[in-house]
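Since the structure comes first, as structure tokens, the remarks are kept for the end.
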Amino acid sequence: MSRQLGKDKDINLGCGSENQSYSKDKRLLVSSQFNNVFLNPDFKLHANHLFLLGKWNSLSTARLGLVMSKRNAGNAVSRNRLKRLSREAFRRYPAEFATIDIVLVSKSGLMNLDNASYLSMVNDLFDKLCKKVAHQSTKQDT
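Numbering-wise, this note's numbering comes out as the position in the sequence shown, counting from 1, plus 31.
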């Protein structure tokens with residue numbers, strides 16, 4: 032599905048594809064799920080304004096949890112923008128994160144980033160996580 036913006040500008044919204052969904056089974060929803068990741072993470076990754084924790088789960092899908100504080104990520108509009116961008120980046124890595132619970136935690140200065148900078152930072156963290164997952168799985172295979 033696409034939406035027309037002006038005369039010549041066309042944006043693909045990505046609606047209608049099954050891979051684009053972000054259903055409840057792909058989210059960390061309750062505090063016990065978050066605590067499971069916080070208390071004993073298998074992966075810890077840092078960026079300038081973001082912190083990623085990951086833990087293997089026993090489910091058949093990856094799940095994402097977002098912790099965006101008002102202090103670090105700004106007002107509700109800014110926090111929702113950052114959460115939406117995080118979910119969009121997460122959707123692009125479904126196979127690599129097969130059975131991992133991921134929590135993204137905001138750090139100070141996050142509200143000052145534009146969309147491109149934030150997405151670049153999140154994608155870099157996800158790329159690093161993919162490498163760690165691949166490295167850990169090859170270690171277990173040998």
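In this text, a Cβ means the ideal position worked out from N, Cα and C, and glycines have one as well. The model shown is predicted, which means the values in this text are computed figures rather than measured ones.
DSSP places Leu-84 in the strand class (E or B) of the three-state scheme. Take Phe-65, set aside five residues on each side of it, and the residues of its chain with a beta-carbon closer than 7 Å to its own are Leu-59, Gly-96, Val-134, in chain order. Linking Ala-78 to Lys-159 through their CA atoms gives a straight-line distance of about 11 Å. Where Ser-137 is concerned, the enclosing beta strand (DSSP E) starts and stops at 131-137. Contact between Ser-148 and Leu-81 does not hold, since the beta-carbon distance rounds to 11 Å and is not under 8 Å. Using a Cβ distance threshold of 8 Å, Leu-156 and Leu-70 do not count as a contacting pair.
Beta-bridge analysis with DSSP links Leu-160 to no other residue.
The three-state reading of DSSP puts Val-98 in strand, counting E and B together.
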